[in-house]
């Protein structure tokens, strides 16, 4: 496999690999390093890549595993899963503050989810992967993924409802 062939297969997934790494690792620098390291690993395994029907799913699996390994390392024990806030210049300052507050709450709720649910939520609801692709990446059956995703969404919904209903008496 030539370098050009390799890049043509891997580059379409590079942004998704970075976003997954950013979801799992705190800093942009750590996510960039992780993406670069995974690209190097994939290059070392370039002959094996030909065997995979879905190269993107394989690349995402390698990225997920690498990031989880990094989180387990002693010198990275201060890393944690976070949500990146994306800013828009077209909204008012008040609306921007509301959006930041809401994203902050969602981020806190997501951090309380089990790691598996966090990864599945990221892959399905943020990255828009199909269940079959997620199954290949996380190594779970589609039904188990649907259950985990449903539970994650329910916990997020309950957390937001609890936040919005704080101090409101229900009859």
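Residue numbers (the UniProt record's numbering): 1 to 171. C-beta atoms are modelled at their ideal positions from N, C-alpha and C, and glycine is treated no differently. All of these numbers come straight from a predicted model, not from anything done at the bench.
The residues 127, in chain order, have a CB closer than 6 Å to that of residue 16 in the same chain once the five nearest residues on each side in sequence are set aside. Exposure of residue 157 is indicated by the presence of fewer than 16 other C-beta atoms within 10 angstroms of its C-beta. Residue environment: residue 53 is assigned as exposed (fewer than 16 neighbouring CB atoms within 10 Å of its CB, all protein chains considered). With the rule of 3 Cβ pairs closer than 8 Å, the region 20-35 counts as touching the region 111-131.
Distance between residue 160 and residue 129, taken at the CA atoms: about 24 Å. Where residue 63 is concerned, the enclosing alpha helix (DSSP H) starts and stops at 55-72. Residue 4 and residue 13 have their C-alpha atoms spaced approximately 15 Å apart. The three-state secondary structure of residue 114, taken from DSSP, is coil. Residue 133 places its beta carbon 8 Å or farther from that of residue 142. For residue 123, same chain residues with a beta-carbon under 6 Å away, outside a window of 5 residues either side, are 129 and 134 in chain order. Taking residue 68 as reference, the option from 46, 148, 47 and 138 with the minimal CA-CA separation is 138.
Residue 10 is not a Cβ neighbour of residue 57, given a cutoff of 8 Å.
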